[in-house]
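The next block holds one structure in the form of structure tokens; read it before the comments.
In the numbering used here, the protein residues as written are -6 to 341.
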């Protein structure tokens, strides 16, 4: 007798789940759990995550997440403990425990690290549907943030990086764009998480976990005080005989911290143009810097942040245009560099 023959289907399970379990009996196939989606309503910040217990889905962890950077140090590929704020505050609701471990202010960014443990919730759910724990698998975690505030000002999530520590324990680094800071030495952050979604891999339905996971904490200016702001105000125009297809980019300023460089810019594209005006950032050896994030969601200024290598002595911002030719299936590209508009930045 298979494990599926032993499954008892409670009446309070969604119809679609009962249908899938019965189909599993007929075909003698295992079913898995897929996506843990943490949809997070945030007063200041953030989101969080989730995973299942005592199932070591080793192959998935090793193949898909072994190189992910799930803490702040590994995000920058260097030790930055002198700049981080140790928070280590936990909040538990509906058998889900979230722990805000660390936070840091860097350039225009609030970066936090959160751990989520939902093993207790998953254990209770497994008992309800009578599914063998060895048959459970969580494939991925997606996070959503809608509101964030620091010192009462709303900030927006621009990137997140996930790492599974085990099947039922995850860390995630969340990066928020902060355009305005006050002059105080410390900043007040409020974080509220309100909802968790768990979704099965074989059904288009999800279980919603409502709760209140709240965090209030402070972050200091240890790293922010070392940011060097350089005004650039450089306009790069793309030659074009058609006046309605003019493209150009304005690079307004760069903010250089001991660990990253943030570029503030805006792009203008002509009507119907598929060509791309952009830039890369390299060190003095010609090595391209690792991009931490690009945020072009705002109506005015855009932001891009890059990680500075420890041994870098100089950075070069290199604007270019990428011309696109042909149809999408057989498209060719050509890069033209604006060498006269390269921007060099000496590092101390």
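Ideal Cβ positions, reconstructed from N, Cα and C, are used throughout, including at glycine.
Residue from the options with nearest C-alpha to residue i
i	options	result
residue 88	102, 117, 94 and 73	117
residue 250	240, 275 and 220	220
residue 168	152, 65 and 162	152
residue 280	289, 210, 293 and 303	303
residue 95	245, 301, 284 and 211	211
residue 82	157, 223 and 206	206
residue 240	188, 290 and 316	316
residue 335	286, 293 and 274	274
residue 86	74, 109, 98 and 72	109
residue 246	84, 223 and 333	223
residue 231	150, 331 and 289	331
residue 290	149, 282, 164 and 308	149
residue 161	284, 91 and 287	91
Test item: CB-CB of residue i and residue j under 8 Å
i	j	result
residue 174	residue 217	yes
residue 296	residue 253	no
residue 103	residue 166	no
residue 202	residue 114	yes
residue 107	residue 93	yes
residue 73	residue 64	no
residue 293	residue 314	no
residue 208	residue 184	yes
residue 301	residue 282	yes
Residue i - DSSP class collapsed to helix/strand/coil
i	result
residue 111	coil
residue 333	helix
residue 217	helix
residue 104	strand
residue 338	strand
residue 65	helix
residue 327	strand
residue 116	helix
residue 170	strand
residue 88	coil
residue 162	strand
residue 175	coil
residue 71	coil
residue 304	coil
residue 151	strand
residue 25	Residue confidence for residue 25 is low, a pLDDT of 39 falling below 50, so the modelled location carries little weight; the figure read from the coordinates is stated next. DSSP places residue 25 in coil when its eight states are reduced to three.
residue 182	strand
Spatial neighbours of residue i in its chain, beta-carbon cut-off 8 Å, leaving aside the 5 residues before and after
i	result
residue 242	228, 229, 258, 259, 260, 261, 270, 271, 272 and 312
residue 306	276, 277, 339 and 340
residue 318	324, 325, 326 and 327
residue 333	none
Sheet register partners of residue i (DSSP bridge)
i	result
residue 241	230 and 261
residue 78	96
residue 296	257 and 288
residue 223	247
residue 281	275
residue 146	143
residue 315	269 and 328
residue 156	164
residue 351	In the structure as shown, the chain starts at -6 and stops at 341, and residue 351 therefore has no counterpart that could be examined.
Beta-carbon proximity list for residue i, same chain, < 7 Å, skipping 5 on both sides
i	result
residue 213	78, 178 and 179
residue 100	220, 248, 250, 253, 255 and 298
residue 68	62, 154 and 166
residue 320	none
residue 172	101
residue 80	93, 94, 95, 96 and 210
residue 225	244, 245, 246, 247 and 336
residue 144	175, 180 and 181
residue 84	91, 206, 207 and 208
residue 76	97, 215 and 216
residue 288	151, 170, 295 and 296
residue 268	240, 314, 315, 316 and 317
Cβ shell of residue i (< 6 Å), same chain only, five flanking positions each side left out
i	result
residue 204	86 and 87
residue 310	272, 274 and 336
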